Amino acid sequence: MGRGPSIEGRKNAEDARRGKIFTKIIREIGVAARAGGGDPAGNPRLRTAIDKGLSANMTKDVIERAIRKATGELEGVEYEEIRYEGYASGGVAVIVDCLTDNKVRAVADVRHAFGKFGGNLGTDGSVAFMFRKLGVLSFAPGADEEELTEAAIDAGADDVIAYDDGAIDVLTTPDAFAAVKAAMQAAGLMPDIAEVTMRADNDIAVTGDTAQQVAKLLAWLEDLDDVQSVYSNADLGEDAYAQQQA
1319 MGRGPSIEGR
1329 KNAEDARRGK
1339 IFTKIIREIG
1349 VAARAGGGDP
1359 AGNPRLRTAI
1369 DKGLSANMTK
1379 DVIERAIRKA
1389 TGELEGVEYE
1399 EIRYEGYASG
1409 GVAVIVDCLT
1419 DNKVRAVADV
1429 RHAFGKFGGN
1439 LGTDGSVAFM
1449 FRKLGVLSFA
1459 PGADEEELTE
1469 AAIDAGADDV
1479 IAYDDGAIDV
1489 LTTPDAFAAV
1499 KAAMQAAGLM
1509 PDIAEVTMRA
1519 DNDIAVTGDT
1529 AQQVAKLLAW
1539 LEDLDDVQSV
1549 YSNADLGEDA
1559 YAQQQA
């Protein structure tokens, strides 16, 4: 029987993963501050990025430094926002949002990933029409559906979706996301996940080897340094990622 990774090895891997998450959040904070100003009270995108950083245990000093770099108070690197679209195995649509200081590197890495796992990079607009941008506040099973629904409606949410396992999603427009989140929290309803994301209008179910290929592509893309977010319309089933890690 082979030996698993040492405690030190696991810690190093976790530190590297945490560092990569921090890097992505810092980039998002910087781009949001540069685009809409360094005051989160008047910049919902920045407020959301800061909340994401705080949730990841990022210190306020690190966040403030990222904002100061973006607004020109400190010297920093400028990042460009780029979106790539393509198809994975089984006709699964994929959107890849990047923040990069090197567009040539970013597109090469994304194209390589699609090719490596049986997909292909498409043109602008080739899959984006299948997705909607919206705010999502996700509550774990156990939340009171009636109470949550009433609070969500009062807060100005667009929809409330209850799933078979008891989990509940509150959906908002991107513009209303910050206000709805604040109102829900003020009512004592704390979401487990709160984000502005892209959701497909319809998912595509994939199984077996195809699901494995899609799962590997999505994981590879998410691990790229220049990639901020990856969205797809894949319904992979419960065991796709588990088998990938086996």
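Using our numbering, you'd call the opening residue of the sequence shown number 1319 and step up by one each time. All C-beta atoms, glycine included, are put in the ideal place defined by N, C-alpha and C. Fair warning: this is a prediction, and the values are worked out from it, not measured in the lab.
Which of the three DSSP states is assigned to residue i in this structure?
i       : result
LEU1539 : helix
VAL1428 : helix
SER1373 : helix
ASP1527 : helix
PHE1435 : coil
GLY1453 : strand
LEU1568 : Any property of residue 1568 remains undetermined from this structure, which presents the chain solely from 1319 to 1564.
ALA1552 : strand
ALA1458 : coil
ARG1321 : Confidence at ARG1321 is low in this model, with a pLDDT of 44, below 50, so its placement is unreliable and the value that follows should be read with caution. Coil, per DSSP.
ASP1544 : coil
VAL1478 : strand
Please list the terminal residues of the continuous beta strand (DSSP E) segment that includes residue i.
i       : result
GLY1404 : 1398-1405
GLY1474 : No beta strand (DSSP E) holds GLY1474; DSSP gives it neither H nor E.
MET1502 : Run containing MET1502: none in the beta strand (DSSP E); it sits in the alpha helix (DSSP H), 1495-1504.
LYS1518 : In the sequence as displayed, the identity of residue 1518 is Ala instead of Lys. Start and end: 1511-1518.
ASP1487 : 1486-1490
ALA1411 : 1411-1418
Anyone know if the C-beta pair for residue i and residue j falls short of 7 Å?
i       : j       : result
ALA1523 : ASN1551 : no
VAL1454 : GLU1403 : no
ALA1350 : LEU1364 : yes
VAL1498 : GLY1526 : no
ALA1537 : LEU1554 : no
ALA1431 : LEU1539 : yes
ALA1496 : PRO1358 : no
LEU1542 : ASP1442 : no
PRO1492 : LYS1434 : no
Out of the options, point me to the one whose CA is closest to residue i's CA.
i       : options                               : result
VAL1514 : ASN1375, ALA1458, VAL1548 and ASP1379 : VAL1548
GLU1396 : GLY1433, ALA1529, LYS1421 and ASP1379 : LYS1421
LEU1439 : SER1456, THR1467, SER1407 and ARG1450 : SER1407
ASP1510 : GLU1399, ASP1476, ILE1343 and ALA1458 : ALA1458
ASP1462 : ASP1482, ALA1496, ILE1486 and GLY1443 : ILE1486
SER1456 : GLY1360, THR1490 and PHE1435          : THR1490
ALA1501 : ALA1529, TYR1481 and GLU1468          : GLU1468
GLY1390 : ILE1413, LYS1338 and GLY1355          : GLY1355
ASP1472 : GLY1443, GLY1460 and ALA1494          : ALA1494
GLY1394 : ARG1352, GLY1437, PHE1340 and ASP1521 : ARG1352
ALA1529 : VAL1410, LYS1338, LYS1378 and LEU1466 : VAL1410
GLY1437 : GLN1531, GLN1546 and LYS1338          : GLN1531
MET1448 : TYR1405, ASP1379 and GLY1484          : TYR1405
ALA1505 : ARG1429, LEU1466, GLN1546 and MET1516 : LEU1466
GLN1546 : LYS1378, ASP1476, ASP1379 and GLU1399 : GLU1399
Among residues of its own chain, excluding the 5 on either side of residue i, which ones have a beta-carbon nearer than 7 Å to its beta-carbon?
i       : result
GLU1464 : none
MET1376 : PHE1340 and ILE1343
TYR1481 : none
In chain order, what residues of the same chain have a beta carbon less than 6 Å from the beta carbon of residue i, not counting five sequence neighbours either side?
i       : result
ALA1470 : VAL1478 and VAL1488
ASP1544 : CYS1416, THR1418 and ALA1424
GLY1322 : Note that GLY1322 scores 44 on pLDDT, short of 50, meaning its location in the model is unreliable and no value can be drawn from it.
ARG1278 : Missing from the structure shown is residue 1278; the chain here goes from 1319 to 1564 and no further.
GLY1484 : PRO1459
ASP1379 : none
ARG1429 : LEU1439
ASP1476 : LEU1489 and THR1490
Which residues in the same chain as residue i place their Cβ atom closer than 8 Å to its Cβ, once the five residues preceding and following it in sequence are excluded?
i       : result
ARG1383 : LEU1392
ILE1566 : A question about residue 1566 goes unanswered here, because the residues of the chain that appear run from 1319 up to 1564.
ARG1401 : ILE1413, VAL1414, ASP1415, CYS1416, ASP1442 and ALA1446
LEU1535 : ALA1406, SER1407, VAL1412, ALA1431, PHE1432, LYS1434, PHE1435, GLY1436 and GLY1437
ASP1521 : ASN1551, ALA1552 and ASP1553
Grab the span of the alpha helix (DSSP H) containing residue i for me, first residue to last.
i       : result
VAL1380 : 1378-1388
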